[in-house]
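Single-structure report; data block below.
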Amino acid sequence: MQEKGTISIHTENIFPIIKKFLYSDHEIFLRELVSNAVDATQKLKRLSSLGQVKGDIGDVRVEVAFDETKKTITISDNGIGMTADEIKKYINQIAFSGAEEFMEKFKEAKDANEIIGRFGLGFYSAFMVADRVDIESLSYQEGAEPAHWTCDGSTEFELSEGSLTERGTEITLHINKDNEEFLSKYKLQEILDKYCRFLPVPVIFGIKTEEEPDGEDEEGKPKFKSVEVPNIVNDTNPIWTKSPNDLKEEDYLDFYKQLYPFSEDPLFWIHLNVDYPFNLTGVLYFPKVKNDFDFQRNKIKLFSRQVFITDEVKDIVPEFLMLLHGVIDSPDIPLNVSRSFLQADSNVKKINSYITKKVADKLAELFKNDRPAYEEKWPDIGLFVKYGMVSEDKFYDKAKEFVLLTNTEKKNFTLEEYKEKVAPAQTDKDGRLVYIYTNDPQKQDAFIQSANKKGYDVLVMNSPIDNHFISSLEQKLEKTSLKRVDSDVADKLIKKDENPAHILTEEQSAQVKTIFDKAINKPAYKVELESLNPDELPVTVTMDEFMRRMKEMAAMGGGM
Ligand code: ADP
Ligand code: MG
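Counting in numbering that gives the first Met the number 0, the sequence shown runs from 0 upward without gaps.
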């Protein structure tokens, strides 16, 4: 049997375009070919479970190998295999059903990920790195003949009798000059670690040595010998595929360590598991963030049926949860599509609100079940919660029950508790509440002391998100404003008649004030007598809020 033919495609040669255009993501050829191999083994398992395969299929596996001298990379599997006709159908034709559309659209696409897959070009990504590809295949079907297909990256292919004697497919890439970097154990291992680490079928890459017990020596001590075993690169049952009931705390912590070996233990986690109206599994971890926002971003890994896709989950996970770590696996997230398409996708919208709700529920539960533990974690959790509250109304509505305000005495209050606490002393005559806060407890210590002394509480608002959080509280809380402890308004709220300086007569006060005014001799500063108690500040010298801002602006070089 020998057949030559032309890959059915109406446009002229597509390969130069694929090759030229997709240069940035060359490494995904391995993801595509290994996923195809995994698919082939899973199809076989399914057929077998339906009683459509004769005999025992044995253990299925995928193997990746390379040969530096021959300059080849081989991906083989013992899956369903293909007959010559199937190769014609699936490789020659089907892959190019979207080719014309591809030719029209490729100009708009920004990276290879947007194209591969979307146009059914998974197999053809091999031509990004190879100038010849061979397929050897033997179908599982009884009496099937082995087939061999070869193609040099033009639209010409050759189909002939194959040489495989066992069921499965072997794909050999003859790596081209520009991509010889892939002919390295280190490089291939790195790509396999990235994309194939949690594939559901064992993926073997070379061998490794292991120590195995080997009887006892003369003194009765256990002996070991080195044995060579297949190097399996993946964990076929990662925790997100298991039921939460079968998992212990350690399992979650171990998995976290596996994903982020250099991070501290996470605070807590959420196991996601839905199958209606969309399919999604995953584990999301709340890391210790320590305010280094940017460093922590983009740590969530997106999978589709255990194939790693990307760690760019923007638009799938709500913006404020981008700080979380962990994995999400969903076959219902459209892959390889443009950003705007993703945002408009109804599954993605549902997934987005599902995750938001799960996170809110988990926080509410932690708060309700063990408030002291929750408060202990608050410095880390607070950032997420506040970020969520400022960015999503739906989240605000849930989080208003468990967001905590912390005052300068390090006490935590819910919004409701805080309102009750300060209402008696911090309501003005129009019935408006004034919350006083500091964004720098050290620098503003004088103001804090002075406010405390007059019976006012001061909140600490010094996290990177607090400016936004304050504005959103002002919008959402009824008749409440938040004022910085050194602002004019906070100043005015302080009732002068409670001022201990009043034990001096007015005349005496005026005299003391004059001494200070003269000594400072700058009209922008304001002198106030505070206390005669030796433990407290006797006098505060402040700058008018307006003047302070002007100075700040001048210092920034802004001017007006
Ligand atoms: P997709 O995987 O999206 O269908 P591909 O271009 O990756 O597109 O593969 C095209 C088709 O070729 C597959 O659907 C499958 O039928 C067939 N195929 C590819 N690789 C294998 C393999 N290792 N074993 C069996 N069939 C395969
Ligand atoms: Mg594929």
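All residues carry an ideal CB built from backbone N, CA and C; glycine is no exception.
Residues of its chain near His467, where Cβ-Cβ distance is below 6 Å and the 5 sequence neighbours each way are ignored: Leaving aside the five residues that flank His467 on each side, the residues in its chain whose CB is nearer than 6 Å to its CB run, in chain order, Val389.
Val128 versus Glu180: straight-line alpha-carbon distance, rounded: Each residue's Cα considered, the two are about 10 Å apart.
Anticipated Cβ contact below 8 Å, Lys298 with Tyr251, distance rounded: So it is not a contact: roughly 16 Å between Cβ atoms.
Euclidean distance between Cα positions of Lys42 and Val52: One C-alpha to the other measures close to 11 Å.
Three-state class that DSSP yields for Asp38 in the structure shown: Reduced to three states, the DSSP call for Asp38 is helix.
Backbone CA spacing between Thr355 and Arg166 [nearest angstrom]: Spanning the two alpha carbons is a distance of roughly 46 Å.
Buried or exposed (CB count within 10 angstroms, at least 16 for buried), Pro237: So Pro237 counts as buried.
Segments of 3+ residues assigned as beta strand (DSSP E) that fall wholly inside the segment 401–461: The qualifying runs are 432–437, 457–459.
Euclidean distance between Cα positions of Asp264 and Lys376: In a straight line, the C-alpha of Asp264 is about 12 Å away from that of Lys376.
Val121 beta carbon near the ligand MG (any heavy atom closer than 8 Å): Here residue 121 turns out to be Gly, not Val, going by the sequence shown. Checking the Cβ of Gly121 against the ligand MG gives yes.
Leu49 burial status per 10 Å Cβ neighbour count (16 or more: buried): A residue is called buried once 16 or more other Cβ atoms fall within 10 Å of its Cβ, and Leu49, having fewer, is exposed.
Host beta strand (DSSP E) of Glu391 (start-end): Looking at the DSSP string, Glu391 is not in any beta strand (DSSP E), and its letter there is neither H nor E.
Environment of Lys495 [buried if 16+ CB atoms lie within 10 Å]: Per-residue confidence for Lys495 stands at a pLDDT of 38, beneath the threshold of 50, marking its modelled position as unreliable; the derived number appears in the next sentence. Burial call: exposed.
Cutoff 9 Å: Ile203 Cβ touching any chain D Cβ: Judged by its chain identifiers, the structure shown contains no chain D, having just a single protein chain.
Short Cβ contact (9 Å threshold) for Pro256 with Asn230: It should be pointed out that residue 256 corresponds to Lys in this sequence rather than to Pro. Not in contact: Lys256 and Asn230 (Cβ atoms no closer than 9 Å).
Residue(s) in a DSSP beta bridge with Val306: Paired residues: Ser303.
Backbone secondary structure at Asn236 - three-state DSSP: For Asn236, the secondary structure class from DSSP, reduced to helix, strand or coil, is coil.
Phe223, buried or exposed, once every other Cβ within 10 Å from all chains shown has been counted against 16: Per the 10 Å Cβ criterion, exposed.
Contact set for Lys378: own chain, Cβ-Cβ below 8 Å, skip 5 residues either direction: The amino acid at residue 378 is misidentified as Lys; the sequence shows Pro. The beta carbon of Pro378 sits closer than 8 Å to none of the beta carbons in its chain outside the five residues before and after it.
Where Gln425 falls, given that 16 or more other Cβ within 10 Å makes a residue buried: Result: buried.
Contact test: Met321 Cβ vs the ligand ADP heavy atom, cutoff 8 Å: Met321: no, Cβ never under 8 Å from the ligand ADP.
CA nearest to the CA of Leu458, picked from Asp427, Thr405, Leu432: Nearest of Asp427, Thr405, Leu432 to Leu458, Cα basis: Thr405.
Close beta carbons around Leu362, own chain, < 6 Å, minus the five adjacent residues each side: Counting only Cβ-Cβ distances below 6 Å, and skipping sequence neighbours, we find Phe401.
For Thr407 and Tyr417, the rounded distance between their alpha carbons: In a straight line, the C-alpha of Tyr417 is about 13 Å away from that of Thr407.
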